[in-house]
Amino acid sequence: MGLTDGVDLNNHALRLDRLGDLQGAEWAHLEAIRVKEAGLGVDHFTTAVSYNGLGELYLKINNIDKAEEFLNKALNVRTRSGPKADLAVTRDNLGRLYEMKGDLKAAQEVRLQGAPENNIACGNYNCAKLTNSLAELSRCTACKAIFYCAKPCQMADWKRHKNFCQRIAAV
Numbered sequence: 066m067g068l069t070d071g072v073d074l075n076n077h078a079l080r081l082d083r084l085g086d087l088q089g090a091e092w093a094h095l096e097a098i099r100v101k102e103a104g105l106g107v108d109h110f111t112t113a114v115s116y117n118g119l120g121e122l123y124l125k126i127n128n129i130d131k132a133e134e135f136l137n138k139a140l141n142v143r144t145r146s147g148p149k150a151d152l153a154v155t156r157d158n159l160g161r162l163y164e165m166k167g168d169l170k171a172a173q174e175v176r177l178q179g180a181p182e183n184n185i186a187c188g189n190y191n192c193a194k195l196t197n198s199l200a201e202l203s204r205c206t207a208c209k210a211i212f213y214c215a216k217p218c219q220m221a222d223w224k225r226h227k228n229f230c231q232r233i234a235a236v
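So for the sequence shown, this note's numbering puts the first residue at 66; every next one is plus one.
Printed below as a string of structure tokens:
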């Protein structure tokens, strides 16, 4: 099995996730990781795609500890290699995780790590604008822990974010 098999497994995991088969999606992500780690190594940016995908799935099913484990693996790799946008997405996923844990300060800090490189993802998971400068973004006015490229993105994410939003001390 090689890279193509790992990519196919990732795509299969995403299809299963969309169909609601979260257990099947978890299996496919784990298998993709096994294949990629064996063929490419743990530090390859393609392996990080699988780490991030599994982390996102674990966020979706509220398995916070596993999500944190795999998102941090992805962050570790993506900090050193791969597309800038992928790094911004992983940081935003970790921001979501910290929101879920009630640590809005950590959510803000992990997202702001991308500011020096103009590499902050819009907080709307479905937004195509993955790399933004801090000046291009607006913060949630209450918690200031999440950033959006436009009002429609903030409104689209509000259903999720309102469950975690609360005032934090300004940075």
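Glycine included, every Cβ here is placed at the ideal spot set by N, Cα and C.
Item to check | Opposing strand residues paired with I185 [DSSP bridges] | outcome: The partner list for I185 (beta bridge, DSSP) reads N197.
Checklist entry - With a CB to CB cut of under 8 Å and the five nearest residues on each side skipped, what residues in its chain are close to L140? => result L152, T155, R156, L159
Checklist entry - Over what stretch of residues does the alpha helix (DSSP H) that includes Q88 continue unbroken? => result Following the DSSP letters along the chain, one finds Q88 inside the alpha helix (DSSP H) bounded by residues 87-104.
Checklist entry - When the Cα atoms are used, what is the spatial distance from K238 to T206? => result This structure does not reach residue 238, given that the chain is present from 66 up to 236, and the question cannot be answered.
Checklist entry - What does Y213 pair with, by DSSP beta-bridge criteria? => result S203
Checklist entry - If N189 sits next to D222, beta carbons under 8 Å apart, how far is it from one beta carbon to the other, in whole angstroms? => result Taking C-beta atoms under 8 Å as the contact rule, N189 and D222 qualify, at a distance of about 5 Å.
Checklist entry - Which same chain residues, not among the five before or five after V236, have their C-beta less than 7 Å away from its C-beta? => result Any reading at V236 needs caution, since the residue's pLDDT is 41, under 50, leaving its predicted position unreliable; the model's value is listed next. By the criterion of a C-beta distance shorter than 7 Å, V236 is surrounded in its chain by Q173, once the five residues flanking it on both sides are discounted.
Checklist entry - Buried or exposed: where does L74 fall if 16 or more other Cβ atoms within 10 Å of its Cβ makes it buried? => result Around the CB of L74, 16 or more other CB atoms lie within 10 Å, so the residue is classed as buried.
Item to check | Nearest-angstrom beta carbon gap, L202 and I185 [assumed within contact, 8 Å] | outcome: 6 Å
Checklist entry - How many Å lie between A171 and E121 at the Cα? => result 18 Å
Checklist entry - Which residues mark the beginning and the end of the alpha helix (DSSP H) in which Y123 is found? => result 110-125
Item to check | Residue environment, L119, which counts as buried when at least 16 other CB atoms sit within 10 Å | outcome: Burial state of L119 is buried, judged by a 10 Å Cβ sphere holding 16 or more other Cβ atoms.
Checklist entry - So A103 and V142 are in contact, right, with Cβ under 8 Å, and what is the actual spacing, rounded? => result With 8 Å as the limit, A103 and V142 do not qualify as a contact, their Cβ atoms being about 16 Å apart.
Checklist entry - If we call anything under 9 Å between Cβ atoms a contact, is V175 one with T111? => result Contact flag unset, no.
Next on the checklist: Just verifying my parser: in three-state terms, what is the DSSP assignment at N158?
Outcome noted: Secondary structure at N158: helix, using DSSP grouped into helix, strand and coil.
Checklist entry - Just the Cα atoms here: how many angstroms apart are G99 and S146? => result The identity of residue 99 in the sequence shown is Arg, whereas the question assumes Gly. Near 20 Å, if we compare the C-alpha coordinates of S146 and R99.
Checklist entry - By a C-beta neighbour count over all protein chains shown, 10 Å radius and 16 as the cutoff for buried, is G81 buried or exposed? => result Gly is not the amino acid found at residue 81; the sequence shown has Leu there. Looking at its Cβ environment, which holds 16 or more other Cβ atoms inside 10 Å, L81 is buried.
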